[in-house]
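Trainee: Take a look at this one; I'll ask things after.
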Amino acid sequence: MTNFDLGIIGGGPAGYTAAFHARAKGMSVVLFEKDKIGGVCLNRGCIPTKAILHSAELYEEMKCASDLGISCENISVDYEKVVERKDKIVEKLRKSLELSLKNSGVKTINAEAKIIDENKISADGELFECKKIITATGSSPRGLKNIDFDHEFVLSSDDILDLKKLPKSIVIIGSGAIGIEWARIFSAFDVEVSIVEIAEHLLPLADIEVSKRLERIFKAKKVKMYLSNGVEKIEDKKVYLSSGEILEPELVLLAVGRKPAVQSCCNILGDACGKIQLAHFAIKQAALEISGIEFDENLVPSVVYGCPEIAWAGAREQDLQEGTYKKSNLLISALGKSHCDNCSDGFIKILSRDGKIIGAHIVSKEASALIQQIIIAMQNGIAIEDLKKVCFAHPTYSEGIFECLFR
Numbered sequence: 001m002t003n004f005d006l007g008i009i010g011g012g013p014a015g016y017t018a019a020f021h022a023r024a025k026g027m028s029v030v031l032f033e034k035d036k037i038g039g040v041c042l043n044r045g046c047i048p049t050k051a052i053l054h055s056a057e058l059y060e061e062m063k064c065a066s067d068l069g070i071s072c073e074n075i076s077v078d079y080e081k082v083v084e085r086k087d088k089i090v091e092k093l094r095k096s097l098e099l100s101l102k103n104s105g106v107k108t109i110n111a112e113a114k115i116i117d118e119n120k121i122s123a124d125g126e127l128f129e130c131k132k133i134i135t136a137t138g139s140s141p142r143g144l145k146n147i148d149f150d151h152e153f154v155l156s157s158d159d160i161l162d163l164k165k166l167p168k169s170i171v172i173i174g175s176g177a178i179g180i181e182w183a184r185i186f187s188a189f190d191v192e193v194s195i196v197e198i199a200e201h202l203l204p205l206a207d208i209e210v211s212k213r214l215e216r217i218f219k220a221k222k223v224k225m226y227l228s229n230g231v232e233k234i235e236d237k238k239v240y241l242s243s244g245e246i247l248e249p250e251l252v253l254l255a256v257g258r259k260p261a262v263q264s265c266c267n268i269l270g271d272a273c274g275k276i277q278l279a280h281f282a283i284k285q286a287a288l289e290i291s292g293i294e295f296d297e298n299l300v301p302s303v304v305y306g307c308p309e310i311a312w313a314g315a316r317e318q319d320l321q322e323g324t325y326k327k328s329n330l331l332i333s334a335l336g337k338s339h340c341d342n343c344s345d346g347f348i349k350i351l352s353r354d355g356k357i358i359g360a361h362i363v364s365k366e367a368s369a370l371i372q373q374i375i376i377a378m379q380n381g382i383a384i385e386d387l388k389k390v391c392f393a394h395p396t397y398s399e400g401i402f403e404c405l406f407r
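Under our numbering, the letters of the sequence shown match residues 1 to 407, in that order.
Okay, here's the thing in structure tokens:
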């Protein structure tokens, strides 16, 4: 039997972050990963999707290059090479992470682990005794009661990453971050995209103005949206909607969320805990668990990538009682930088109460960076009057925050 201070099951963001923090405190650490180090985020989520999305955005921008004074003829997509680039990026980052774990002194075991009791783990025919055990086993794509993945016609977010050829048409069931980002990717690559969403609006967890703006953007891109609609069944490669309509796509992406992959109840972190299934939330959970670094769970940013990006944190306007808050809005088209970048669609919306920000919702290029600036102010209780004293560079998107505060 081998002894360790900390045993971690799962090598995703929560698992490897806990490992690094534990080693920094001088603890002996063993980390078990049955698949690939990096978890869903690095191997089947955040990173590979953003790599493909970058290619899609570049292709879409090149189609409008003549407006920028650049001549581009016979532009085409070699999707196999797009996927190859994605795979190379993932492999490079994974190897770097594996090396960092090794250099920090973390014992990594590539095998399935089973918790025997509160201090014992069995893996690869060996028994490990750990003073503390953390479960960070991640999550897997969720199906529906009447629809599950066949991995050929009805694909999961894992399956879709392995496509080597673009379909002519696709139906995406669900309009959370995964569904929206893949809709943006396929639409940019000239695939006929249809989104089916059971809620009244796309991106139902977002502020209502964000959802409506996204719908307007998708309408302009000729993405078909079937809102307040469900899927009754999928049969003979036909998608039967609750509205009575029948869709006949080449492929279906079922993107209705993820389910926790939990083995036990020992100190569960990350996606496996079933709370906020975001890599940065998992990372902060791990830092709190090992190093006691606190964070505000109500100020975890949500980001949907693409052009324009979508980001938010804090209160949504539809959840606030009328007359109890102030709303400030700024159209991104008011910023000179947006016109220079040919990306002037979107807005910044700041909700405040008693002179302090309680919510922010952004549709803009660089929204993922802008929201972080606002979260710093929110978490530290910085008054709006004090934020007005900050000098923002010009021309930038961040000066939009400054301008919005005066609205």
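Glycine included, each C-beta is placed from N, C-alpha and C at the ideal position.
These figures come from a predicted structure and were not determined experimentally.
Label CYS289 either buried or exposed according to how many other C-beta atoms from any shown protein chain fall within 10 Å of its C-beta, with 16 as the threshold for buried.
Mentor: For clarity, residue 289 is Glu in the given sequence; the question names Cys instead. The residue in question, GLU289, is buried, as its Cβ has 16 or more Cβ neighbours within 10 Å.
Trainee: Check whether the Cβ atoms of VAL154 and ILE89 sit closer than 8 Å, and answer yes or no.
Mentor: Cβ distance not < 8 Å, so VAL154 and ILE89 don't count as in contact.
Trainee: I need the straight-line Cα distance from ILE75 to ILE147, nearest angstrom please.
Mentor: Straight-line Cα distance between these residues: approximately 38 Å.
Trainee: Relative to the C-alpha of GLN94, which residue among VAL40, GLY230, GLU112 and ASP67 is closest?
Mentor: Note that residue 94 corresponds to Arg in the displayed sequence, not to Gln. Comparing Cα positions, the closest option is VAL40.
Trainee: Taking all protein chains shown into account, do 16 or more other C-beta atoms lie within 10 angstroms of the C-beta of GLN318, making it buried, or fewer, making it exposed?
Mentor: Label assigned to GLN318: exposed.
Trainee: What does DSSP give as the partner residues of TRP312 in its beta bridges?
Mentor: Looking at the DSSP assignment, TRP312 forms a beta bridge with SER302 and HIS361.
Trainee: Tell me the rounded alpha-carbon separation between SER28 and LYS349.
Mentor: Taking the straight line from one Cα to the other gives about 47 Å.
Trainee: Helix, strand or coil, according to DSSP, for LEU387 in the structure here?
Mentor: Helix, per DSSP.
Trainee: May I ask you to verify whether the region 391-403 touches the region 330-338, counting CB pairs closer than 8 Å and requiring at least 3?
Mentor: Counting Cβ pairs under 8 Å, three or more are found: they touch.
Trainee: Could you tell me the boundaries of the alpha helix (DSSP H) in which PRO340 lies?
Mentor: Before going further, note that residue 340 is Cys rather than Pro in the sequence given. Taken as a continuous stretch (DSSP letters only), the alpha helix (DSSP H) holding CYS340 covers 336-340.
Trainee: Reducing DSSP to helix, strand and coil, say where MET225 ends up.
Mentor: Strand, per DSSP.
Trainee: For LEU299, which residues from the same chain have a beta carbon less than 7 Å from its beta carbon, with the 5 sequence-adjacent residues on both sides left out?
Mentor: Correct list, in chain order: ALA313, GLY314, ILE375, MET378 and GLN379.
Trainee: Answer yes or no: the CB of VAL231 versus the heavy atoms of the ligand NAP, is any distance below 7 Å?
Mentor: Inclusion of the ligand NAP in the displayed structure is not the case, the ligand content being empty and no account of it being possible.
Trainee: Between which two residues does the beta strand (DSSP E) containing GLY7 stretch?
Mentor: Taken as a continuous stretch (DSSP letters only), the beta strand (DSSP E) holding GLY7 covers 2-9.
Trainee: Check the C-beta distance from GLU126 over to LYS34 and give it rounded, since I have them as a contact under 8 Å.
Mentor: Not a contact, Cβ separation roughly 14 Å.
Trainee: Could you pull out every residue in the same chain whose Cβ sits closer than 8 Å to the Cβ of LYS102, ignoring the five residues on either side in sequence?
Mentor: If we look at LYS102 and ignore the five residues flanking it on each side, its Cβ neighbours are THR108.
Trainee: Tell me which same chain residues have a C-beta within less than 7 Å of the C-beta of ILE185, skipping the five on either side of it?
Mentor: Counting only Cβ-Cβ distances below 7 Å, and skipping sequence neighbours, we find ILE52, LEU53 and ALA56.
Trainee: Ignore the nearest five residues each way along the sequence and tell me which others in ASP67's own chain have a CB closer than 8 Å to its CB.
Mentor: Counting only Cβ-Cβ distances below 8 Å, and skipping sequence neighbours, we find ASN342.
Trainee: Report all residues from its chain with a CB closer than 8 Å to the CB of LEU405; omit the five preceding and five following residues, and keep chain order.
Mentor: So the list reads SER328, ILE350, ILE384, LEU387 and LYS388, once near-sequence residues are dropped.
Trainee: What does the alpha-carbon distance come out to for the pair GLU80 and SER352?
Mentor: So the alpha carbons of these two residues sit roughly 48 Å apart.
Trainee: Under 8 Å, do THR17 and ILE283 count as touching if we go by C-beta distance?
Mentor: In this structure, ILE283 lies closer than 8 Å to THR17 by Cβ.
Trainee: Given a threshold of 16 other Cβ atoms within 10 Å of its Cβ, counted over all protein chains shown, does PHE64 qualify as buried or as exposed?
Mentor: The residue you asked about is not Phe; residue 64 is Cys in the sequence shown. Exposed, by the Cβ-count rule.
Trainee: Taking 8 Å as the CB-CB limit, is LEU203 close to chain D?
Mentor: Among the protein chains of the structure shown there is no chain D, as only one such chain exists.
Trainee: For the alpha helix (DSSP H) holding CYS41, just list the boundary residues, first then last.
Mentor: Unbroken alpha helix (DSSP H) run through CYS41: 39-44.
Trainee: Could you please give me the residues that DSSP links to THR17 through a beta bridge?
Mentor: For THR17, which the question treats as bridged, DSSP gives no partner whatsoever.
Trainee: Using CA coordinates, which residue listed in GLY26, LEU253 and VAL231 is at the minimum distance from ASP158?
Mentor: Measuring from the Cα of ASP158, the nearest candidate turns out to be LEU253.
Trainee: Which residue marks the beginning of the alpha helix (DSSP H) containing CYS130, and which one marks its end?
Mentor: Careful: CYS130 lies outside any alpha helix (DSSP H), inside the beta strand (DSSP E) at 126-135.
Trainee: Going by the CB atoms, is the gap between ALA136 and ILE8 shorter than 8 Å?
Mentor: Yes, the pair counts as a contact, with Cβ atoms nearer than the cut-off.
Trainee: Thinking C-beta only, is ARG23 closer than 8 Å to SER106?
Mentor: In the sequence as displayed, the identity of residue 106 is Val instead of Ser. For VAL106 and ARG23, yes; Cβs fall inside 8 Å.
Trainee: Could you work out which residue in PRO13, LYS36 and ASP5 is closest to GLY26 when comparing CA atoms only?
Mentor: Comparing Cα positions, the closest option is ASP5.
Trainee: How many Å lie between ILE116 and PHE32 at the Cα?
Mentor: Cα to Cα, ILE116 sits roughly 14 Å from PHE32.
Trainee: Buried or exposed for HIS151, going by 16 or more other Cβ atoms inside 10 Å?
Mentor: The residue in question, HIS151, is exposed, as its Cβ has fewer than 16 Cβ neighbours within 10 Å.
Trainee: Count the other CB atoms, across all protein chains shown, that sit within 10 Å of the CB of GLY69; report buried if there are 16 or more and exposed otherwise.
Mentor: It is exposed - the Cβ of GLY69 has fewer than 16 other Cβ atoms within 10 Å.
Trainee: Along the chain, which unbroken stretches of the alpha helix (DSSP H) at least 4 residues long are found entirely within the region 144-220?
Mentor: Counting only runs of 4 or more, we get 177-188 and 208-220.
Trainee: Tell me, to the nearest whole angstrom, how far the beta carbon of ALA255 is from that of GLY176; I am working on the premise that it is less than 8 Å.
Mentor: Yes, they are in contact, since the Cβ atoms of ALA255 and GLY176 sit about 7 Å apart, within 8 Å.
Trainee: Where does ASP78 fall in DSSP's three states?
Mentor: In the structure shown, ASP78 sits in coil (DSSP, three-state: anything other than H, G, I, E or B).
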